[in-house]
Amino acid sequence: MGNETNRNLEASGVLNDKPVIRIEPTKGWVSLKLKELWEYRELLYFFIWRDLKVRYKQTVLGAAWAIIQPVVTMVVFSVIFGKIAKMPSDGIPYPIFSYAALVPWTFFASGLGRASNSLVSNSNLIKKVYFPRLCIPISSVLSGIVDFILAFIILIGMMFYFRIMPTVNVICLPLLLLLALATSLGVSLWLSAMNVQFRDVGIIVPFLTQIWLFATPIVYPSSLLPEPWRTLYGINPMVGVVEGFRWALLGTNTAPGHIIIIASLVSLSLLISGALYFRRMEKNFADVV
Amino acid sequence: MNDNVIHVERISKQYHIGKRQEKYKTLQDSLANALASPFRRAMKLLHGHASGASELNETIWALKDVSFEIKRGEVVGIIGRNGAGKSTLLKILSRISEPTSGFITIHGRVSSLLEVGIGFHPELTGRDNIVLNGAILGMKRVEIDKKFDDIVAFAEVEKFIDTPVKHYSSGMYLRLAFAVAAHLETEILLVDEVLAVGDTEFQKKCLGKIQNVAEEGRTVLFVSHDISTINRLCSRTIWIDSGQLRLDSLTNNVIQQYMLSQMQGCMSEIRFPSTHVNNKFQIKFIRIVSENNEPTAIVDFQNSFKIKIGYEVFEPLMGVFILSRITDLYGNIICTSWDTDTTDWEDRVREPDQYTSICTFPGCLLRPGRYLLSVGVAINRHILTYHENILSFEVSPANYCLNPGRVGIITPLFKWEVIHNGENINN
């Protein structure tokens, strides 16, 4: 019987790679264990898959919500800011001016909203099974990409309608999306880890997102700001993302330039510091959540 | 090859528990405190201290200096009272929670089953949940695909595999959840007692599966406070008491010691004060005594014991029945017996006085385990009083080793004869 088991275990690859796990208290700042995260990439994939499958279950409109949210916001903004307040829009029709900004913004904000609450809403998992906890907020942010694609299709439709040809700069879009992703994840890592102990975060996030929306050139063009302030304003990485989207798709002359460098640096430091903070707090998650 | 697959060295775990808040003296103080405390907490947060909503100064040790080693292929039970630290130990071994000091090394792939159906989502179908749950438990995609049909067959949910699990009956849900866990193929399995949920049929299936795993030569660590399960599954048992390792030895040894310590909670006797609520009749005491008439809550499997029910009759009564009933911890009624069964008191008048009805239970009848005693009184078939589960007692296997094949609710030793017939087959 024993031999047979050994063969079974060997067949399933258990005996061939025998990992040695060492469990001991961690102190201070710990490594990010990115290698382990990579080993758990399948689980990450399944978390994203679950998020997508579950998100619009038992809703009447289903995935249409991914489109309705930015579109309705665009309509409201167009009426209030475009028509009533007569907000300048860099010479571009206001609806598409705001919608081109709302698409990456919605990706950022909804990712932030989901991910900052993700550890708390998955507390049953955290308390019952081991896996790299980073999988949870990462999957929450990544699962927003599908919504982004759906909203983006509408954006393409609108460009046809307004007869706007994208510029060659459109090849930069994936990088801009990556920047939005890194920013969303970086902030989420901080907030989700804090949320485990301080549920205040759950209250702060919608409020923070709202303020952040107005600190980003979505309803107005950043050209409204005079120069020394406009660079300072670029500390908000979403400024670079949003103006970059308009520049690449609508051909505004808001080439991100040095703003994008500031944005990348800020976003990268948010991401790294967030991941480090997350890893440091991780050991307490199961005990505190 | 090193045969120790798990090496636990002086593991301790400290938990912070909230301290009662100090009373604010004045409104000004409380306002100042309310303003200052968010900053204090924020400072703590930045320093990486775990702190929740209140000041956390008081600590408890859930585990203190626990060390042991487990060899390849061993099936080890961990017992202890609720809150003794056994689940904490399992959480540390599963890397869910981090030890405060000490270290553990584990050689090989580990799966921990602290709960069945972790990550099950009610909106997802059975199929989706199998895949998701498998991934959460650490199975690879190919492994899940390979075992998918086996899992479905084991759970007996073929027809509903594409139905969201929220429409499943609780039995189906549990079967599916356990089926995934049962198909894990890791070398080392850490199992918590919460696995033993659901109906008895399902429990049997679970335990049978764990037994199979054990027989396959894999290493199993099984946490439970159910002695009989541990007894059945594990050859060695570790007893954790108040966070410390109390005993680590052969299961029989440990269980006996553990039960003896538990028995302080069992009562061999209860006395009733005179209340005269009922002016006809009153029970004075109920007592369990051993063969030698010593009050005891632990009786030897082999020896007989007596249940003594003392009562006072205040007016002449005819047709009094004293009843004793024995129930096991799962609520199964083992037997019910009346004092009129084998006496002539049913037709006799009990004059006002003190009486004791004594029921002698033969040895070798009740399986070793814990039982509850209920006592009742009926007069002319009307129940007068019924004290449900008034005493609990333990039948200990003592030195007697029950043949594991002797299954059944009771274990009577019947009279058997073997006749050597020789050629004369008809006799």
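So the sequences go chain by chain: G and C. Note that the working numbering numbers the first sequence so that position 15 is 15, with each residue one more than the last. Note that the working numbering numbers the second sequence so that position 192 is 1192, with each residue one more than the last. Every residue gets a Cβ at the ideal spot worked out from N, C-alpha and C, and that includes glycine. Keep in mind it's a predicted model, so treat the numbers as computed, not measured.
The residues ARG114, ALA115 and SER118, in chain order, have a CB closer than 6 angstroms to that of SER140 of chain G in the same chain once the five nearest residues on each side in sequence are set aside.
For LYS1147 of chain C, no chain G residue has a C-beta closer than 7 angstroms to its own C-beta; the minimum C-beta separation is roughly 10 angstroms. In the DSSP assignment, ASN195 of chain G falls within the alpha helix (DSSP H) that extends over 173-197.
Per DSSP, the unbroken beta strand (DSSP E) holding CYS1359 of chain C starts and ends at 1353-1361.
With 16 or more other CB atoms across the displayed protein chains lying within 10 angstroms of its CB, MET194 of chain G is buried.
As the crow flies, the alpha-carbon of LYS1086 of chain C is around 10 angstroms from that of GLY1077 of chain C. Using a Cβ-Cβ cut-off of 9 angstroms, ARG22 of chain G is close to PHE1103, ILE1104, THR1105 and ILE1106 of chain C, given in chain order.
Just so you know, the alpha carbons of SER1337 of chain C and SER1324 of chain C end up roughly 5 angstroms apart. With a threshold of 16 other beta carbon atoms within 10 Å, GLY1405 of chain C falls short and is exposed. By the criterion of a C-beta distance shorter than 6 angstroms, ALA182 of chain G is surrounded in its chain by SER267 and LEU271, once the five residues flanking it on both sides are discounted. Of the residues assessed, GLY1208 of chain C falls on the exposed side of the cut-off, its CB having fewer than 16 other CB atoms within 10 angstroms. Exposure of CYS1401 of chain C is indicated by the presence of fewer than 16 other C-beta atoms within 10 angstroms of its C-beta. Interface annotation, PRO25 of chain G: in contact with chain C, CB-CB separation under 7 angstroms.
When beta bridges are read from the DSSP output, SER1249 of chain C appears opposite C:THR1237. Look at SER1111 of chain C: its C-beta is not under 7 angstroms from any C-beta on chain G.
Of all residues in the stretch 128-146 of chain G, those with a C-beta nearer than 9 angstroms to a C-beta of chain C are LYS128, VAL129, TYR130 and PHE131, reading in chain order.
Proximity of PHE46 of chain G to chain C, defined by a Cβ-Cβ separation below 7 angstroms, is satisfied.
By the C-beta density criterion, ASN1082 of chain C is exposed, having fewer than 16 other C-beta atoms within 10 angstroms. Less than 7 angstroms divides the Cβ of VAL1116 of chain C from the Cβ of ALA1177 of chain C. At a beta-carbon threshold of 8 angstroms, none of the residues of chain C lie near VAL266 of chain G; the nearest stands roughly 20 angstroms away. The alpha-carbon of LEU1250 of chain C is positioned some 6 angstroms away from that of SER1235 of chain C. Residue nearest to VAL1191 of chain C within the set C:THR1059, C:LEU1113 and C:VAL1180 is C:LEU1113 (criterion: CA-CA distance).
Sixteen is the threshold: since fewer than 16 other Cβ atoms of the shown chains lie within 10 Å of the Cβ of HIS258 of chain G, the residue is exposed. Inter-segment contact for the stretch 77-91 of chain G and the stretch 227-245 of chain G is absent: fewer than three beta-carbon pairs are separated by less than 8 angstroms.
For SER1094 of chain C, at least one C-beta of chain G is nearer than 7 angstroms to its own C-beta. DSSP, read as helix, strand or coil, puts GLN1244 of chain C in strand.
Sixteen is the threshold: since fewer than 16 other Cβ atoms of the shown chains lie within 10 Å of the Cβ of GLY157 of chain G, the residue is exposed. Within the stretch 1302-1384 of chain C, the runs of beta strand (DSSP E) at least 3 residues long that lie entirely inside it are, in chain order, 1305-1313, 1320-1328, 1333-1338, 1353-1361 and 1369-1379. Its chain contains LYS1071 and ARG1072 as the residues whose beta carbon lies nearer than 6 angstroms to that of ASP1003 of chain C, once the 5 sequence neighbours on both sides are disregarded; these appear in chain order.
Going by beta carbons, GLU24 of chain G and PHE1068 of chain C fall outside the 7 angstroms limit.
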